[in-house]
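*Asks:*
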Amino acid sequence: MFANYFRLTLRNLAKNKVSFFINLAGMSIALGCCIAAYVNYEFNAGFDKQQKNASQLYRISFIHEADGKETPYGVAPMPVGDLVRANFNEVDQVVRYIRKDARFRIGTEMFQKEFAYADPNFTELFSIDLLSGSLDLKEKSHVLISDKLAKTYYGHADVVGKELTQIIGGETREFVIGGVYKAFPFNSSFRFDLLTGFDNYFTDPRQQSAIAHDWKRWTTVFLYIRDPHVIGRVTTQLQQYIKPQNEARLDLLAKRFYVEPFIGMPSRAIREKNEGHWLNLPMPPAAVIAPFVMAGFLLLVACFNFTNNSISMAGRRLKEIGIRKVIGGNRRELIVQFLSESLVFCMIAMVVALFLAEYFVAGWDAMWPSLEFSIRYRDNMPMFWMLAGLMTATALLAGSYPAFYISSFKPIHVLKGTTRFGGTNLFTKILLVFQFSISLMAVIFAIAFYFNSKFQKNFDLGYAYHSVVQVPVENENQFLQLKNALSSHPLIHSIGGSEHHIYGNTYQAAVKSDREEKEVDMLNIGDDYFNTVNVRILAGREFKKESASDARESIIVNEEFVRAFNLGKDPLGKRIMINDTSQHFIVGIVKDVYLQALFQPLAPLVFKYVPPSSYRYLVASTDPKTLLEMNDQIKAEWKKIFPMSLYTGRLMEERMIEAMSHFDNVVILYTFMGLVAIIMSISGLYSLVSLHLQKRTKELGIRKVLGAPLSNIALLSSKLFLIVMLISFVVGSVFGSLMVNKLMDTIWEYYEAINAQVIFLAVGMVMGIATVTVSFKIFAVSRANPTDSLRHE
């Protein structure tokens, strides 16, 4: 029976080739987008799935409270790991873990990679796929490396026993490669390229004891606990470490310690904005939900288009339906036939979609260089269940209404010709409203993100990130040598130094005025920093060069600091206490500086002055047009002066470019989906217009014979569709605006909300395309000879 249905389906599709290929293209693209969205979801859902002991792993974290807001930190003081290991019998094992960027040399080639330090039992508790050698971390001279790094710098993965040199402050430390492991997947909390024992973190053995017992230093502490019922007791015992931590870190007071499970930890870190999560993060929820929502909308448009076309084409099959019923066919068989036709169509579309999905996923992967997406079929039964469910649901959604509606006709009415079948009943009108509403929403998304991209690119962050190169330095001597070598370069406008940097690092301190007390971001800067980075002084003065009094007691604050601490119209000279230990006086006010770009709210900011002995950054400015050339010149000078040291300078704008590229990617995504949705909606509109006019052929012919003008006929013919379009535009504008604003609000603190310009542009674009489509068909009908239609009737 199914074979017979299959033949009937192919026969009917062959009779309507144009409609079939339009529907097939739309449905295939929609299904392909759904598959790509699922791959995107699967990437996030599979985060850390490779960790076999995840259900017994936990992390020690603490809550810091400031200004009535609780902030989680996923780290613990350095001594806590050893104290828990020695005193907590409920804990089976403890693992300390730290990662940081480090510089290495293999032969003459130097590079910088993420270097992880962990206790020896790390490789026992966390799943690492060993390829060769051993996972033993007890030998201090051994290091484990990923196969990816081995192939990149050695040309092959058979490197066990080879030497590798770490460069630390101009000095070297030799390692022997003890093992090679398979590189962690991108959806993993761990993505380091090199791993060694935790004791190697202490580069100077003489300082190891002091650092290991220093409550001001932090590390990630994992716990392995077989019995989850003891978590409560472990948490209670951890509270004894609040006092020593708070005595050591007045700037970061702990309210309470807690133990959090490893399962779900990355997602919580994003949701709760964990400030001490020293591990990799998954994609934010908006980046997972948005592709699903848009792919779902696109699939709905494709299903509605298929439904509209099925109903439209059913007028040509009325006699077939009537004859089948007369010779004994029942309604159930007709429903099964029409649903089978829908299923066969969806099966063909799914085959095409699988090929398209490969390109969609590859394109999605290319948009996000820091992530890795691919369609995985092998050993992935959830994928096959998803494909089967998606295809079945689509077939039912697209084919149910035509099947039940068409099969309900009475055979005697069909054969006598009294059943008149047009393409514009109430249901088809509702479907058309949904189609164009969704199409308009997709266009609103694309235009809104495009305008927001321009808004954020032009937003004044309080510094000139587009014209500065930042170069990390190790000490004052390195800074001075590089500065002297660059001082004669004509492209360089200014050179400054600092201990901290706006895009490099900051620290927090407890700051108190006569009226307020808050946690505040701090930056220690040096000579010519403001001038180089273009931080503008609005009142007061800059720091005086090599001024001991400025280094001891002067600070410069931003405008938000003045507002947050209620310092009034004349804040200069006001006394400020930092960490309750030292008093400082405000000597200058700078224009607001947005440390977190536009992702986080503007916060109070304090600049302190430090002498060259504390410098860890050299910053140099130039014209934006010559920024790359200046960076090349700095790199060349670095290699001359420090031939055995890796150059790690970078453009200050690189971080902003990464953020802006996300904007551009989203614009491309929504533009593509919007165009596909519009094309499918237009094809559905064209079919309904054709059948609507076909139904009114005699009426229009009579009107023309009686002398009705062309404009009157065009208005009567298009009135229904104008009403449908207007309803669609209202629905699409309202829901599109709400969804765009909600999505942007989950990502950015500052953005350009939907305005009338965006709505008018989107409506104008969709309206223009729809008008051209309707007008083309109406004009053709209006220009036809009325005698042809009347003679036919």
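Residue numbers for the sequence shown follow numbering that gives the first Met the number 0, beginning at 0 and rising by one.
Glycine included, each C-beta is placed from N, C-alpha and C at the ideal position.
Note that the structure is predicted; figures quoted are calculated from it, not measured.
(1) Sorted by chain position, which residues of the same chain lie with C-beta nearer than 7 Å to residue 765's C-beta, five sequence neighbours on each side aside?
(2) Nearest to residue 146 by CA position, among 181, 122, 117, is which residue?
(3) Using CA coordinates, which residue listed in 755, 574, 36, 610 is at the minimum distance from residue 793?
(4) To test your reading of the DSSP string, which unbroken beta strand (DSSP E) runs of 3 or more residues are found completely within the segment 517-595?
(5) Taking only beta-carbon positions, decide if residue 90 is within less than 8 Å of chain B.
(6) Starting from residue 102, follow the beta strand (DSSP E) in both directions and report where the run begins and ends.
(7) By how many angstroms is the C-alpha of residue 57 removed from the C-alpha of residue 260?
(8) Starting from residue 152 and walking both ways along the alpha helix (DSSP H), at which residues does that stretch end?
(9) Alpha helix (DSSP H) containing residue 70: first to last residue?
(10) Quick one: Cα of residue 546 to Cα of residue 523, how far?
(11) Distance check for residue 115 and residue 731, CA to CA, integer angstroms please.
(12) Taking residue 446 and residue 761 to be in contact with their CB atoms under 8 Å, please state how far apart those CB atoms are, rounded to whole angstroms.
(13) Which residues bound the alpha helix (DSSP H) around residue 208?
(14) Along the chain, where does the beta strand (DSSP E) containing residue 493 start, and where does it finish?
(15) So what does DSSP say about residue 390, is it helix, strand or coil?
(16) If distances are taken between C-alpha atoms only, which option among 364, 138, 612, 767 comes closest to residue 173?
(17) So what does DSSP say about residue 504, is it helix, strand or coil?
(18) Nearest-angstrom Cα distance between residue 360 and residue 644?
(19) Measuring CB to CB, does residue 178 end up less than 8 Å from residue 131?
(20) Indicate whether the contact test is met: 3 or more Cβ pairs, each with one atom in the segment 86-95 and one in the segment 120-127, closer than 8 Å.
(21) Report all residues from its chain with a CB closer than 8 Å to the CB of residue 171; omit the five preceding and five following residues, and keep chain order.
(22) Could you pull the start and end residues of the alpha helix (DSSP H) that residue 217 belongs to?
(23) Leaving aside the five residues before and after residue 543 along the sequence, list all residues of the same chain whose C-beta is less than 7 Å from its C-beta, in chain order.
(24) Throw me the rounded Cβ distance for the residue 433 and residue 303 pair, which I believe falls under 8 Å.
(25) Give me the Cα-Cα distance between residue 236 and residue 277, rounded to the nearest whole angstrom.
(26) Between which two residues does the alpha helix (DSSP H) carrying residue 798 extend?
(27) Whose C-beta lies closer than 7 Å to the C-beta of residue 471 among residues of the same chain, with five residues either side of it excluded?
(28) Could you give the distance in angstroms between the alpha-carbon of residue 300 and the alpha-carbon of residue 33?
(29) For the 8 Å Cβ check, are there 3 or more pairs between the segment 504-511 and the segment 569-588?
(30) For residue 774, which residues in the same chain have their Cβ closer than 7 Å to its Cβ, ignoring the five residues on either side in sequence?
(31) Going by DSSP in three states, residue 131 sits in which element: helix, strand or coil?
(32) Is the CB-CB distance between residue 598 and residue 367 below 8 Å?
(33) To the nearest angstrom, how far is the alpha carbon of residue 218 from that of residue 169?
(34) Use the C-beta contact count for residue 290: other C-beta atoms within 10 angstroms, 16 or more gives buried, fewer gives exposed.
(35) Could you check if residue 63 is buried or exposed, using at least 16 other CB atoms within 10 Å of its CB as the buried criterion?
(36) Which term fits residue 227, buried or exposed, when burial requires 16 or more other beta carbons within 10 angstroms of its beta carbon?
*Replies:* Answer, in terms of the structure:
(1) 435, 438, 439, 442, 677
(2) 181
(3) Residue 793 cannot be examined here, being either before or after the span of the chain that is shown, 0 to 792.
(4) 536-539, 553-557, 574-577, 581-589
(5) Considering every chain present, this structure includes no chain B. It has just one protein chain.
(6) 92-105
(7) 4 Å
(8) 146-152
(9) From DSSP, residue 70 is part of no alpha helix (DSSP H) but of the beta strand (DSSP E) over 68-72.
(10) 14 Å
(11) 50 Å
(12) 6 Å
(13) 207-211
(14) 493-497
(15) helix
(16) 138
(17) strand
(18) 39 Å
(19) yes
(20) yes
(21) 104, 164, 165
(22) Not the alpha helix (DSSP H): residue 217 falls in the beta strand (DSSP E), residues 217-223.
(23) 549
(24) 6 Å
(25) 24 Å
(26) The question about residue 798 has no answer here: the residues shown for the chain are numbered 0 through 792.
(27) 615, 616, 647
(28) 13 Å
(29) yes
(30) none
(31) strand
(32) no
(33) 25 Å
(34) buried
(35) buried
(36) exposed
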